[in-house]
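A.B. asks: Residue numbers (the working numbering): 23 to 214.
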Amino acid sequence: MNIILLGPPGAGKGTQAQYLVEDRGMVQLSTGDMLREAKSSGTEMGKRVAEVMDRGELVTDEIVIGLIREKLENTDAPGFIFDGFPRTLKQADALGELLEEMGKSLDAVIELRVDEDALVGRILKRAADAKAAGQPVRADDNEESLRTRLMAYFKMTSPLVGYYYAKGTYARVEGMRSMEDVRKQIAEKLDA
Ligand code: ADP
Numbered sequence: 023m024n025i026i027l028l029g030p031p032g033a034g035k036g037t038q039a040q041y042l043v044e045d046r047g048m049v050q051l052s053t054g055d056m057l058r059e060a061k062s063s064g065t066e067m068g069k070r071v072a073e074v075m076d077r078g079e080l081v082t083d084e085i086v087i088g089l090i091r092e093k094l095e096n097t098d099a100p101g102f103i104f105d106g107f108p109r110t111l112k113q114a115d116a117l118g119e120l121l122e123e124m125g126k127s128l129d130a131v132i133e134l135r136v137d138e139d140a141l142v143g144r145i146l147k148r149a150a151d152a153k154a155a156g157q158p159v160r161a162d163d164n165e166e167s168l169r170t171r172l173m174a175y176f177k178m179t180s181p182l183v184g185y186y187y188a189k190g191t192y193a194r195v196e197g198m199r200s201m202e203d204v205r206k207q208i209a210e211k212l213d214a
């Protein structure tokens with residue numbers, strides 16, 4: 023089973039992806055994590071994407087599609103969770119083609135519905151908690167980059183809701199409930 027978790031920054035995609043890894047042995051493919059890894063390892067690509075990411079803008083489709091292709095081709099898994107990808111219609115088309123090439127299917131696209139008012143607060147709290155615990159704070163977890171990330175989401179990514187709805191793979195869960203409740207809602211959708 024291959025699924026996409028869709029939702030704005032702060033919706034809890036990473037947390038739920040982790041649960042799916044625990045519960046079902048699926049493999050999480052987070053383009054955000056891949057890009058942060060590239061950034062910290064100082065590769066040529068990492069250097070190129072660093073500023074874009076820190077500002078909260080989207081990295082080019084070519085780069086992220088390339089990263090996903092490489093992972094998909096080199097990872098054996100009972101199923102993949104796409105977290106933070108696709109983020110544009112072009113990425114969505116590319117993912118469809120890639121999966122088809124590999125004889126795989128996309129089984130569900132789950133949107134974590136959240137109250138927009140809560141997002142900025144959630145992320146700023148995450149940053150404050152990390153700082154208080156002496157952990158590193160993401161360079162894009164500041165108010166300005168966050169506004170840019172939200173705008174990128176609504177401009178570029180939210181059309182994917184309609185795209186997958188029309189394809190018939192779309193499902194929605196209530197993301198404002200507790201993490202455990204959201205976990206259960208997702209399980210119900212996947213088992214349906
Ligand atoms: P968020 O918590 O905002 O959902 P992620 O960890 O998924 O963030 O991604 C962090 C940053 O990495 C994004 O703001 C963007 O710059 C870049 N990025 C991640 N995935 C993609 C993608 N699929 N396409 C373009 N840029 C991406």
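Ideal Cβ positions, reconstructed from N, Cα and C, are used throughout, including at glycine.
Source: prediction; values computed, not measured.
Closer than 6 Å by C-beta to methionine 198: which residues in its own chain qualify, once you throw out the five before and the five after it? Chain order, please.
C.D. replies: Taken in chain order, the residues that qualify are Val136 and Asp137.
A.B. asks: Considering Cα atoms alone, identify which of Arg70, Arg91, Asp83 and Asp76 is closest to glutamate 123.
C.D. replies: Answer by Cα proximity: Arg91.
A.B. asks: Judging by CA-CA distance, which residue of Lys61, Gly78 and Met56 is the nearest neighbour of threonine 170?
C.D. replies: Closest by alpha carbon: Gly78.
A.B. asks: If you count every other CB in all the chains shown that lies within 10 Å of the CB of methionine 173, and 16 or more means buried, which is it?
C.D. replies: Exposed, because fewer than 16 other Cβ atoms sit within 10 Å of the Cβ of methionine 173.
A.B. asks: So is alanine 214 buried or exposed if we call it buried at 16+ other beta carbons inside 10 Å?
C.D. replies: Answer is exposed; the Cβ neighbour count stays below 16.
A.B. asks: Apply the 10 Å Cβ neighbour rule to serine 200 and answer buried if 16 or more other Cβ atoms are within range, or exposed otherwise.
C.D. replies: Flag for serine 200 reads exposed.
A.B. asks: Pull up the DSSP beta-bridge partners for glutamine 50, would you.
C.D. replies: Glutamine 50 pairs with Ile103.
A.B. asks: Tell me leucine 27's beta-bridge partners as DSSP assigns them.
C.D. replies: Leucine 27 is bridged to Asp105 and Ile132.
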